[in-house]
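Participant: This structure is in structure tokens; I'll ask about it shortly.
Numbering (the numbering used here), first residue to last: 4 to 465.
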């Protein structure tokens, strides 16, 4: 799979009515739909012989099923990876569906409950259960359509290679809902499956230029790729961002590496980095010391991160480390031009590279230099995977060493990772120690929820 993967985005340059017209006219291939599917707004794939999900009536008398309580319960259960129980309690959310469209708070809590359980099922690749839950919420019980849940289904179907079903679901969603779901997973899956013309007719426009340039290059249609690139180059100042142009250049760079044309690939590399200029240091009036400073970029770190990954993939490690040192080895980079996670991702890429080459101490040095939780957690994850539990615990402790960074409920996952790592190494006393930490965090979280509920005059039940 190519490294050139754009993150979720929507094409804002194509009017919705044009996209709907394209979607409606697209023929489906090799797919038969159960007759019952037509009776529901969303074409969710499910086994018609499977019994439909129902309300867990045994819980109704035992549990306060107001939307806020159901959400809190499902949040706890999904964080503890108890997805069977989470799915059971989540089904109670339909009892709180408001009759008035003005009850925004309840609607939001129900939507978040649906997102939590369907998203968790998809992350664990329990796709069939995710589809059943989606059908239960949005087809059977008429919960208001949710953007994220629709995106989860498209991602899951695309990941399974069920592309015709994904297209059908997408088309029906566009018609029925008041939004266009994230189509990038489906678009990329169609391209990778050789159905690029079909993907082009469905999704081309706006920020999809780099994706289709990469796709046409990969499928040997150089003329079409060049046509799109020239069109993008001609209109980049009018309609399209520099980011689209830069990512298209990276697509050519990667394509040349694939073809063994390293010199041409490096020419594209230098073209991408032409956005950078030399800047005099304030203590170097003669300009003899080179200092790198990026000009204004749209999503600069995303472009740089993709370049780094391509360089590393094709063995240009010296160039990758040189670029990394120029960007992150000094304070000259304008970090306000990049999101915090992007800067951390740049370091995480190189931390992962250190593990590939066995330079563990260098990886630890990089994490400490950044001193951001994202870099530390990447390092801890890699150390646990290598069975280096003493080093993993050392870095784990550094995450929470500052007075303002005590373990939170959202940190349970990394505690669980430590439990699994110690257990795998046979260090059960240490594993038990971290189990106790998880219990303390969970109890503290429940206590805060109860306090918050009592202060507002509402009961709370975990």
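Glycine included, every Cβ here is placed at the ideal spot set by N, Cα and C.
Is residue 186 near residue 166, with beta carbons less than 9 angstroms apart?
Facilitator: Against the chain shown, residue 186 aligns to sequence position 183. Against the chain shown, residue 166 aligns to sequence position 163. No; because the gap between Cβ atoms is not below 9 angstroms, this pair is not in contact.
Participant: Leaving aside the five residues before and after residue 36 along the sequence, list all residues of the same chain whose C-beta is less than 6 angstroms from its C-beta, in chain order.
Facilitator: Within the chain shown, the letter at position 33 stands for residue 36. Since pLDDT at residue 36 reaches only 34, below the 50 mark, its modelled position is unreliable, and the value read off the structure follows with that caveat. If we look at residue 36 and ignore the five residues flanking it on each side, it has no Cβ neighbours.
Participant: I'd like to know if residue 393 contacts chain B, where contact means its C-beta is closer than 9 angstroms to some C-beta of that chain.
Facilitator: Looking at the structure shown, chain B is missing, and only one protein chain is on hand.
Participant: Mapping DSSP to helix, strand and coil, what is residue 81?
Facilitator: Taking the chain shown and counting its residues from 1, one reaches residue 81 at position 78. DSSP places residue 81 in helix when its eight states are reduced to three.
Participant: For the alpha helix (DSSP H) containing residue 147, list its first residue and its last residue.
Facilitator: Within the chain shown, the letter at position 144 stands for residue 147. Counting along the chain, residue 147 falls outside any alpha helix (DSSP H), and DSSP gives it neither H nor E.
Participant: Quick one: Cα of residue 181 to Cα of residue 145, how far?
Facilitator: Here residue 181 refers to the residue found at position 178 of the chain shown. Here residue 145 refers to the residue found at position 142 of the chain shown. The alpha-carbon atoms of residue 181 and residue 145 are separated by roughly 14 angstroms.
Participant: With a threshold of 7 angstroms on Cβ separation, who are the neighbours of residue 262 within its own chain once the five nearest residues in sequence on each side are excluded?
Facilitator: By 1-based counting over the chain shown, the position of residue 262 is 259. There are no such residues.
Participant: Which same chain residues end up closer than 7 angstroms to residue 154 when comparing Cβ atoms and leaving out the 5 residues on each side of it in sequence?
Facilitator: Locating residue 154 in the chain shown gives position 151, where the first residue counts as 1. 184 and 185, listed in sequence order.
Participant: I think residue 466 touches residue 248, with their Cβ atoms under 8 angstroms apart; what is that distance to the nearest whole Å?
Facilitator: No information on residue 466 is available, as it lies outside the stretch 4 to 465 that the chain covers here.
Participant: Would you please state the rounded distance, in angstroms, between the beta carbons of residue 121 and residue 137? I believe it to be under 8 angstroms.
Facilitator: On the chain shown, residue 121 is found 118 positions in, with the first residue counted as 1. On the chain shown, residue 137 is found 134 positions in, with the first residue counted as 1. Yes, they are in contact, since the Cβ atoms of residue 121 and residue 137 sit about 6 angstroms apart, within 8 angstroms.
Participant: Considering only residues of the same chain and omitting the five flanking positions on each side of residue 447, which have a CB-CB separation below 7 angstroms?
Facilitator: Here residue 447 is taken as the residue at index 444 of the chain shown, counted from 1. Contacts found: none.
Participant: Look at the alpha carbon of residue 215 and the alpha carbon of residue 364, and state the distance between them as a whole number of angstroms.
Facilitator: Within the chain shown, numbered from 1, the residue matching residue 215 stands at position 212. Within the chain shown, numbered from 1, the residue matching residue 364 stands at position 361. About 40 angstroms.
Participant: Please report the distance separating the alpha-carbon of residue 298 from that of residue 245.
Facilitator: Position 295 of the chain shown holds residue 298. Position 242 of the chain shown holds residue 245. Low confidence applies here, because residue 298 scores a pLDDT of 46, under 50, leaving its location unreliable and the question unanswered by this model.
Participant: I'd like to know whether the C-beta atoms of residue 43 and residue 148 end up nearer to each other than 9 angstroms.
Facilitator: On the chain shown, position 40 is the one that residue 43 refers to. On the chain shown, position 145 is the one that residue 148 refers to. In this structure, residue 148 does not lie closer than 9 angstroms to residue 43 by Cβ.
Participant: Measure the C-alpha to C-alpha separation of residue 254 and residue 212 and round it to an integer number of angstroms.
Facilitator: Walking along the chain shown from the start, residue 254 turns up at place 251. Walking along the chain shown from the start, residue 212 turns up at place 209. So the alpha carbons of these two residues sit roughly 10 angstroms apart.
Participant: Check whether the segment 431 to 441 touches the segment 93 to 107, taking contact to mean three or more Cβ pairs, one atom from each stretch, closer than 8 angstroms.
Facilitator: With the cut-off at 8 angstroms, the segment 431 to 441 and the segment 93 to 107 do not touch.
Participant: In chain order, which alpha helix (DSSP H) runs of at least 4 residues are fully inside the segment 211 to 283?
Facilitator: The qualifying runs are 212 to 221, 225 to 238, 245 to 261 and 265 to 275.
Participant: So, helix, strand or coil for residue 349, using DSSP?
Facilitator: The residue labelled residue 349 in the question sits at position 346 within the chain shown. Correct three-state label for residue 349: helix.
Participant: Here's the rule: buried if 16 or more other CB atoms are within 10 angstroms of the residue's CB, otherwise exposed. What is residue 271?
Facilitator: On the chain shown, residue 271 is found 268 positions in, with the first residue counted as 1. Residue 271 should be labelled buried.
Participant: From the DSSP output, in three-state form, read off residue 428 for me.
Facilitator: In the chain shown, the residue the question calls residue 428 occupies position 425. Reduced to three states, the DSSP call for residue 428 is coil.
Participant: By a C-beta neighbour count over all protein chains shown, 10 Å radius and 16 as the cutoff for buried, is residue 450 buried or exposed?
Facilitator: For this step, residue 450 is matched to residue 447 along the chain shown. Flag for residue 450 reads exposed.
Participant: Of all the options 54, 80, 91 and 81, which has the alpha carbon lying nearest to the alpha carbon of residue 63?
Facilitator: As a position in the chain shown, residue 63 is number 60, starting the count at 1. When only C-alpha atoms are compared, the closest one is 91.
Participant: Excluding sequence positions up to five away, which residues of its chain have a Cβ less than 7 angstroms from the Cβ of residue 77?
Facilitator: On the chain shown, position 74 is the one that residue 77 refers to. Cβ within range, chain order: 89, 92, 93, 116, 119 and 120.
Participant: Thinking just about the alpha-carbon of each residue, which of 200, 164, 194 and 141 is nearest to the one in residue 176?
Facilitator: Counting from one through the chain shown, the residue named residue 176 turns up at place 173. Residue 176 has its Cα closest to that of 141, out of 200, 164, 194 and 141.
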